[in-house]
Amino acid sequence: MAANVARRCPWGSARRLGLVAYRNYSSSGNSYPNIPLTVPLPGVPKPLFATVDTQQGFETKVTTLENGLQVASQNKFGQFCTVGILINSGSRYEAKYIGGISHFLEKLAFSSTAQFGSKDEILLTLEKHGGICDCQASRDTTMYAVSADVKGLDTVVGLLADVVLQPRLSDEEIEMTRMVVRFELEDLNMRPDPEPLLTEMIHAAAYRENTVGLNRFCLGEDVEKIDREVLHSYLRNYYTPDRMVLAAVGVEHERLVDCARKYLLGTEPVWGSVVAKDVDKSVAQYTGGILKLEKDMSNVSLGPTPIPELTHIMIGLETCSFLEEDFIPFAVLNMMMGGGGSFSAGGPGKGMFTRLYLNVLNRHHWMYNATSYHHSYEDTGLLCIHASADPRQVREMVEIITREFILMAGAVGEVELERAKTQLQSMLMMNLESRPVIFEDVGRQVLATGMRKLPHELCVLIGKVGIEDIKRVVTKMLHNKPAVAALGDLMELPSYEHIQAALSSQDGRLPRVYRLFR
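Right, dumping it as structure tokens:
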């Protein structure tokens with residue numbers, strides 16, 4: 006009876022009725038006795054499922070060559086691989102040089118070398134293996150990377166070694182790079198989104214004229230001063246094997262080590278010396294302070310739907326380096342603050358339940374942006390909040406942000422903390438599904454620490470963060486002087502002393518200002 010009803014009912018209906026389903030026919034059409042679905046079919050071999058023997062399959066393997074260069078690889082299934090050289094070099098090491106050398110080298114990368122006559126030859130070689138290339142220079146790391154078919158690993162590593170150690174740096178290429186840098190600087194000052202410019206300003210205010218406070222971009226007056234001799238003097242000190250990591254994702258480690266020995270061991274660079282003589286080992290000195298740039302923002306985005314004139318403020322406080330234990334609580338705090346623009350479609354995954362959405366953007370309709378950022382380096386860190394509003398409401402906007410900083414040390418809800426931790430874990434895991442992201446993570450961690458913490462280890466550390474951890478790191482952070490960057494019409498901007506007083510108060514309010522005339 007049950008079987009007859011089950012046959013007459015759709016599967017969902019049968020399940021809802023709590024009926025037991027039976028198989029009556031085999032795949033070949035032969036009839037079977039009434040066998041429940043919970044019992045294997047007679048004569049059918051038992052399926053074998055793939056299993057992972059140990060956690061070792063996910064571990065990052067690291068080998069150090071005789072010249073000090075580290076080789077790191079991460080196994081990942083697929084036809085393509087990402088390979089690159091990461092160098093402990095960037096704008097923070099340029100105190101003794103013309104500013105912006107790393108930016109200049111980034112734009113000059115993958116040009117002619119000892120083996121390749123032009124950039125076109127390099128690109129044609131990569132195309133044979135379905136490859137693409139890129140170079141990125143940050144404050145503390147320069148990265149040359151290639152994604153290509155894994156069969157072309159030998160060619161790719163040889164090409165990378167040539168690009169890094171044997172660049173020709175011809176006069177024509179240097180002049181072309183000057184044009185590219187000038188164009189990028191013009192674009193930086195004209196783009197509607199001021200976030201890259203504000204990031205430079207907040208670093209310059211927080212670490213005045215030292216290490217990570219040095220400008221990342223090659224400014225106009227310095228572009229003409231950079232030539233082959235200047236570049237060679239910088240490369241001689243910072244492009245040494247002991248400051249490099251050859252990292253790869255999607256290749257066999259032994260094969261990568263063989264390629265490294267072939268192309269990067271015993272190779273003399275074009276600048277001659279392989280021993281650094283004058284390396285800047287300065288530790289970041291947090292100074293705090295304010296950097297203001299009066300600028301007409303009324304016409305940054307003209308058109309049928311122009312962006313209104315806005316004043317942009319960024320307030321930051323020193324945190325810790327990514328090598329310290331408090332780095333994880335600060336990352337959770339940054340996620341808990343969240344924020345974004347005044348318009349964002351989506352639910353919890355878009356951060357709509359973070360503090361800067363709930364307490365700021367949802368309550369103050371006139372604010373166009375409130376976003377939290379956390380910048381972390383090997384010896385320091387900076388937690389910032391960027392806010393944008395009409396120039397007439399700058400003072401009120403600054404007070405709202407200072408109050409949010411003070412509220413960080415107040416009550417922390419169990420639900421909001423768990424949500425922030427879960428969101429941070431999910432963001433970490435989703436980002437690490439991308440092969441180029443895994444490559445950068447492997448390279449940066451090995452370059453900084455000589456090893457790599459795996460994602461599941463980081464997730465465990467995130468899960469252990471408690472309310473007391475958040476309160477502890479915030480209390481420590483609020484004892485520092487603030488760093489302030491301001492861009493736009495700054496007539497209503499409070500003084501630095503008033504902002505500092507607000508961050509030292511119990512409620513985050515600015516001191517009252519009385520005016521006879523408005």
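First residue of the sequence shown: 6, per the working numbering; consecutive thereafter.
We put the CB at the ideal spot given by N, CA and C, even for glycine.
### Query
Quick one: Cα of Lys124 to Cα of Phe115, how far?
Distance between the alpha carbons of Lys124 and Phe115: 6 Å.
### Message
Quick check on the burial criterion: 16 or more other C-beta atoms within 10 angstroms. Buried or exposed for Asn304?
### Response
Classification for Asn304: exposed.
### Task
Leaving aside the five residues before and after Thr69 along the sequence, list all residues of the same chain whose C-beta is less than 7 Å from its C-beta, in chain order.
Within the same chain, Thr69 has close Cβ partners Gln75.
### Query
Within the present structure, is the beta-carbon of Arg241 separated from the nearest heavy atom of the ligand ZN by less than 7 Å?
The ligand ZN is not part of the structure shown, which contains no ligands of any sort.
### Query
Around the Cβ of Met249, are there at least 16 other Cβ atoms within 10 angstroms (buried) or fewer (exposed)?
Counting the other CB atoms within 10 Å of its CB gives Met249 a total of 16 or more, which places it among the buried residues.
### Spatial distance of Gln141 from Leu452 (CA atoms)
Those two C-alpha atoms are separated by around 15 Å.
### Task
Please work out which residues of its chain come closer than 6 Å, Cβ to Cβ, to Phe327, disregarding the five sequence neighbours upstream and downstream, and give them in chain order.
Sequence-distant partners of Phe327 (beyond 5 residues in either direction) whose C-beta falls short of 6 Å from its own C-beta, in its chain, are Ser381.
### Message
For a minimum of 3 consecutive residues, which ranges assigned as the beta strand (DSSP E) are wholly contained in the segment 266-323?
### Response
Listed in chain order, the complete beta strand (DSSP E) runs (minimum 3 residues) inside the segment 266-323 are 294-299 and 316-323.
### Task
Between the Cα of Gln84 and those of His108, Val399, Tyr243 and Val256, spot the shortest distance and give me the residue it belongs to.
Minimum Cα distance to Gln84 is reached at Val256.
### Task
Could you check if Leu110 is buried or exposed, using at least 16 other CB atoms within 10 Å of its CB as the buried criterion?
With 16 or more other Cβ atoms within 10 Å, it is buried.
### Task
Taking Gly493 as the reference, give the member of Asn364, His317, Met456 and Tyr212 with the closest Cα.
That would be His317, whose Cα lies nearest to the Cα of Gly493.
### Message
Taking the straight line between their C-alpha atoms, what separation do you get for Pro309 and Ala375?
### Response
Distance between the alpha carbons of Pro309 and Ala375 is about 25 Å.
### Query
What is the rounded straight-line gap between the Cα of Ala350 and the Cα of Val88?
Unreliable positioning characterises Ala350 in this predicted model, as indicated by a pLDDT of 48, which lies under 50. The coordinate reading is nonetheless provided below. Cα-Cα distance, rounded: 36 Å.
### Rounded separation between Pro516 and Leu240 - CA only
One C-alpha to the other measures close to 51 Å.
### Cut-off 7 Å between Cβ atoms - residues of its own chain near Leu270, not counting five sequence neighbours on either side
Excluding sequence neighbours, Leu270 sits near Leu70, Glu71 and Asn72.
#### Entry: Residue(s) in a DSSP beta bridge with Met482
Per DSSP, none; premise fails for Met482.
### Task
Please confirm if the segment 475-490 is in contact with the segment 325-345, defined as three or more CB-CB distances below 8 Å between the two stretches.
Enough Cβ pairs lie closer than 8 Å, so yes.
### Query
Going by Cα to Cα distance, which pick from Thr427, Ser509 and Glu438 is closest to Lys469?
Closest by alpha carbon: Thr427.
### Message
Give me the residue from Thr182, Val155 and Asn215 with the minimum Cα distance to Gly135.
### Response
Looking at Thr182, Val155 and Asn215, the one whose alpha-carbon comes closest to that of Gly135 is Val155.
### Task
Measure the CB-CB distance between Val275 and Leu158 and report whether it falls below 8 Å.
No. Outside cutoff.
### Query
For Ser238, which of Gln430, Pro487, Pro460 and Tyr102 has the nearest alpha-carbon?
Restricting attention to Gln430, Pro487, Pro460 and Tyr102, the CA atom closest to the CA of Ser238 is found in Tyr102.
### Query
By how many angstroms is the C-alpha of Glu132 removed from the C-alpha of Ser439?
Answer to the nearest angstrom: the Cα atoms are 21 Å apart.
### Query
Grouping DSSP H, G and I as helix and E and B as strand, with all else coil, what is Gln428?
Helix at Gln428.
### Cut-off 7 Å between Cβ atoms - residues of its own chain near Val186, not counting five sequence neighbours on either side
Counting only Cβ-Cβ distances below 7 Å, and skipping sequence neighbours, we find His108, Phe109, Lys112, Cys223 and Val228.
### Task
Starting from the Cα of Glu323, find the closest Cα among Val67, Gly344 and Tyr212 and give me that residue.
Ranking Val67, Gly344 and Tyr212 by CA distance to the CA of Glu323 puts Tyr212 first.
### Task
Assign His369 to one of three DSSP states: helix, strand, or coil.
The answer is coil: DSSP assigns His369 none of H, G, I, E or B.
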